[in-house]
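All residue numbers for the sequence shown refer to full-length UniProt numbering, where the first residue is 1 and numbers rise by one.
A virtual CB, placed ideally from N, CA and C, is assigned to each residue, including glycine.
Since the model is a prediction, treat every value here as computed from it, not as a measurement.
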Amino acid sequence: MTKKLPKLDGPNTEPADPELGAALDFIIEMDRLKAVYRQSPLLDGSRRENSAEHSWHMAIMALILSGYADEAVNVARVVELLLVHDVVEIDAGDVFLYDEASAANQTGNEERAAQRLFGMLPAATSARLRAAWDEFEHGATPEARFARALDRFQPLLLNFCSGGGTWQQPQVDYDRVVAKKSVIGKGSTVLWAHARQLLDEAVRRGYLRTAPLAAPTAAQDAPPLPVAAYRRVASDQAETALRDKLRAIELANGVALPTLVSFDHDCLGALHHRPFRGGGADSRVEIASWGDTAIAPSIRRLGAIARQPRHDSADRAAYRTILLDIYRALPLEVEALVGASGTLVVAPRREGYLLAHDLDWLPEGRHIAPHAKRFKHDGGMVVGHDLVAPAQDHDCCVLVDGAIASGVSLMAMMIELAPRVRRFVVLTVHATGVALNALRHLAVQLERPLEIYAGDVSGELNEAYYAVVPESSPPQVVVGDLGDMIAGPVAA
């Protein structure tokens with residue numbers, strides 16, 4: 001959701017010429033492009049570039065590199081194509097080049113965006129810009145071929161100069177990059193030859209893999225797993241060893257957890273490590289730290305506080321303040337979402353409920369605060385919870401969780417809630433990459449659209465399924481146990 005931008009519609013602000021008014025409204029709308037973040041990093045590593053910066057950068061490239069086009073081109077026209085081609089991302093967003101499933105839906109999304117955005121303009125200007133956008137998309141003119149070549153060359157250059165950039169994503173390897181970037185050769189054989197040289201050097205330097213990142217064999221070879229693969233039983237009907245383990249947890253925490261959801265080792269491995277390539281439901285992930293340079297240091301501060309041997313009230317207060325600030329920085333108008341009559345908010349105890357309460361995200365009569373406890377069993381993970389799905393249907397379910405390590409607790413709740421909600425939105429301060437992967441796979445299996453808004457993504461899972469800093473010795477937690485940090489440990 002995006003904030004409504006102001007329009008020139010107050011006293012003494014509307015131009016006498018209505019076409020000028022329409023043009024200015026369009027210009028104001030273009031400001032939104034500055035808030036659309038792409039995948040490519042800035043070279044100082046501070047954040048990702050936004051789409052407006054990308055368009056500007058390529059316009060500069062057209063002015064400087066036009067002599068390397070294979071065909072004679074009108075440079076002014078190339079610049080116009082480059083400045084116009086990504087404005088549709090204001091509505092459609094940016095899709096990662098190697099995310100095939102999302103790309104399949106993007107054509108329709110961009111067409112609808114083009115109709116709305118160019119439709120804001122006076123007829124003649126609308127037709128001119130729409131024609132430029134179509135020309136770039138079709139790639140049938142010398143100017144369009146060269147513009148499309150620059151569009152693929154610019155992020156390649158940024159990735160190389162930043163030590164790999166988006167090439168570090170698990171689904172990216174040399175052959176896929178060459179296949180996607182071969183468009184460069186249709187506009188400039190010189191730039192494509194240099195691009196191949198950079199790609200070869202990237203492999204030698206370790207910036208780019210020669211094969212996709214391997215997942216566990218079982219996860220690679222297994223077919224998509226049905227929800228039935230996750231065993232859900234009433235706790236009093238579970239096997240004795242599992243029931244006894246659960247009872248000890250219930251006594252330690254003073255709760256009753258009548259439902260168990262089990263994820264065996266192979267199932268969990270597939271969810272965590274199988275590359276996500278989309279499926280039958282829409283899936284979107286937005287990471288606040290990609291556009292806000294203050295968040296990653298805040299995450300490190302959370303970890304530093306959590307790793308202290310002792311915590312006083314000042315430590316807990318500082319920790320809680322950082323959490324709330326990161327939630328407020330999520331790129332979503334949460335208040336409007338939770339305030340909608342069709343939204344159900346699920347905030348698991350302890351930290352989810354406490355933080356959602358502080359943020360005033362618990363609408364009266366439309367929130368649930370379940371207990372959920374996860375534990376290892378027979379090489380996999382089990383979640384015991386007391387969540388009962390609501391009797392009525394809801395358009396949206398907002399799940400507020402402090403930090404997501406393995407994702408199993410949220411997955412157990414999504415399984416319980418899916419029959420009563422049409423889509424899920426997850427809000428979290430921190431998540432591991434494998435947890436986001438698992439949640440997206442599950443959403444496909446549940447046939448429910450999913451949006452995830454996280455402050456930051458980092459860390460890896462240790463043997464206990466906690467998020468730890470990679471290669472730290474001894475292992476260091478990324479953000480720690482949020483419940484213990486803001487409310488104090490549960491008494492033994």
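>> Given this structure, state the Cα-to-Cα distance separating His85 from Phe146, to the nearest angstrom.
In response: On the sequence shown, residue 85 is found 85 positions in, with the first residue counted as 1. On the sequence shown, residue 146 is found 146 positions in, with the first residue counted as 1. The alpha-carbon atoms of His85 and Phe146 are separated by roughly 13 Å.
> Which stretch, first to last residue, makes up the alpha helix (DSSP H) that contains His265?
Replying inline: One-based indexing of the sequence shown puts residue 265 at position 265. Here the alpha helix (DSSP H) through His265 covers 265-273.
> Which residues share a DSSP beta bridge with Leu251?
Replying inline: Indexing the sequence shown from 1 puts residue 251 at position 251. Partner(s): none; Leu251 has no beta bridge.
> Roughly how many angstroms separate the alpha carbons of Tyr327 and Pro475, rounded to a whole number?
Replying inline: Here residue 327 refers to the residue found at position 327 of the sequence shown. Here residue 475 refers to the residue found at position 475 of the sequence shown. Near 26 Å, if we compare the C-alpha coordinates of Pro475 and Tyr327.
>> On the CB-based measure, 16 or more other CB atoms within 10 Å of its CB, does Ala219 come out buried or exposed?
In response: On the sequence shown, residue 219 is found 219 positions in, with the first residue counted as 1. With a pLDDT of 38 at Ala219, under the threshold of 50, the modelled position of that residue is not reliable, and the figure given next carries that caveat. Burial call: buried.
>> On the DSSP letters alone, give me the boundaries of the beta strand (DSSP E) that Asp25 sits inside.
In response: The residue you call residue 25 lines up with position 25 of the sequence shown. It is not in any beta strand (DSSP E) - Asp25 instead sits in the alpha helix (DSSP H) that spans 18-30.
> Three or more beta-carbon pairs under 8 Å between the stretch 352-371 and the stretch 452-471, yes or no?
Replying inline: no
> With burial defined as no fewer than 16 other Cβ atoms inside 10 Å of the residue's Cβ, what is the status of Ala228: buried or exposed?
Replying inline: Residue numbering aside, residue 228 sits at position 228 when the sequence shown is read from its first letter. Any reading at Ala228 must be qualified, since the residue scores a pLDDT of 49, below 50, and its modelled position is unreliable; the value itself is stated next. It is exposed - the Cβ of Ala228 has fewer than 16 other Cβ atoms within 10 Å.
> Within 10 angstroms of its Cβ, does residue 513 collect 16 or more other Cβ (buried), or is it exposed?
Replying inline: Residue 513 lies beyond the stretch modelled for the chain, which goes from 1 to 492, so this question has no answer here.
> Which parts of the stretch 358-401 are runs of the alpha helix (DSSP H), unbroken and 4 residues or longer, counting only runs that do not cross its ends?
Replying inline: none
> Distance, Cα to Cα, Arg247 vs Ser406?
Replying inline: Taking the sequence shown and counting its residues from 1, the one referred to as residue 247 is at position 247. Taking the sequence shown and counting its residues from 1, the one referred to as residue 406 is at position 406. Between Arg247 and Ser406, the C-alpha separation is close to 22 Å.
> In terms of residue numbering, what span does the alpha helix (DSSP H) encompassing Leu410 cover?
Replying inline: Within the sequence shown, residue 410 is the residue found at index 410, counting from 1. 408-417 is the span of the alpha helix (DSSP H), which, as asked, contains Leu410.
> For Leu450, does the three-state DSSP call read helix, strand or coil?
Replying inline: Here the question's residue 450 lines up with position 450 in the sequence shown. Correct three-state label for Leu450: strand.
>> Buried or exposed for Leu422, going by 16 or more other Cβ atoms inside 10 Å?
In response: Position 422 of the sequence shown, counted from the start, is the residue given in the question as residue 422. Looking at the sequence provided, one finds Arg at residue 422 rather than Leu. Arg422 should be labelled exposed.
>> So, for Val345: in the same chain, excluding its five sequence neighbours on each side, which residues have a beta-carbon less than 7 Å away from its beta-carbon?
In response: Taking the sequence shown and counting its residues from 1, the one referred to as residue 345 is at position 345. Excluding sequence neighbours, Val345 sits near Val338, Ala356, Trp361, Leu362, Pro363, Arg366, His367, Val398, Val400.
> According to DSSP, which residues form a beta bridge with Phe424?
Replying inline: Stepping through the sequence shown from its first residue, residue 424 is reached at position 424. Paired residues: Cys397, Leu450.
> Since Val261 sits in a beta bridge, which residues does DSSP pair it with?
Replying inline: Taking the sequence shown and counting its residues from 1, the one referred to as residue 261 is at position 261. Its beta-bridge partners are Arg232, Val383.
>> Suppose only complete runs of 3+ residues qualify. What are the beta strand (DSSP E) ranges in the UniProt domain "HD" (30-187), listed by chain order?
In response: 37-41, 48-50
>> By the three-class DSSP mapping on this structure, what secondary structure does Arg284 have?
In response: Along the sequence shown, one-based indexing puts residue 284 at 284. Correct three-state label for Arg284: strand.
> Helix, strand or coil for Glu201 per DSSP?
Replying inline: Start at 1 with the first residue of the sequence shown, and residue 201 comes out as number 201. Helix, per DSSP.
>> Using a Cβ-Cβ cutoff of less than 7 Å, which residues in the same chain neighbour Val75 once the five nearest sequence positions on both sides are dropped?
In response: On the sequence shown, residue 75 is found 75 positions in, with the first residue counted as 1. Excluding sequence neighbours, Val75 sits near Ala62, Leu63, Ser66.
>> Relative to the C-alpha of Asp386, which candidate in Val255, Glu53, Val79 has its C-alpha closest?
In response: Position 386 of the sequence shown, counting from 1, holds the residue named residue 386. Out of Val255, Glu53, Val79, Val255 has the C-alpha closest to the C-alpha of Asp386.
>> By alpha-carbon positions, which one of Gln169, Thr125, Leu199, Gly455 ends up nearest to Leu156?
In response: The residue labelled residue 156 in the question sits at position 156 within the sequence shown. When only C-alpha atoms are compared, the closest one is Leu199.
>> Quick check on DSSP: helix, strand or coil for Asp484?
In response: If you number the sequence shown from 1, residue 484 lands on position 484. DSSP places Asp484 in helix when its eight states are reduced to three.
> Which residue comes first and which comes last in the beta strand (DSSP E) that contains Leu208?
Replying inline: Numbered from its first residue, the sequence shown carries residue 208 at position 208. Careful: Leu208 lies outside any beta strand (DSSP E) and carries neither H nor E.
> Can you tell which of Ala35, Val183, Gly206 has the C-alpha that lies nearest to the C-alpha of Asn50?
Replying inline: Position 50 of the sequence shown, counted from the start, is the residue given in the question as residue 50. Measuring from the Cα of Asn50, the nearest candidate turns out to be Ala35.
> Can you name the start and end residues of the beta strand (DSSP E) that Thr321 belongs to?
Replying inline: Counting from one through the sequence shown, the residue named residue 321 turns up at place 321. Thr321 -> not in any beta strand (DSSP E); alpha helix (DSSP H) instead, spanning 313-328.
> How should Val477 be labelled, buried or exposed, when 16 other C-beta atoms within 10 angstroms of its C-beta is the threshold for buried?
Replying inline: The residue labelled residue 477 in the question sits at position 477 within the sequence shown. Its Cβ being crowded by 16 or more others within 10 Å, Val477 is buried.
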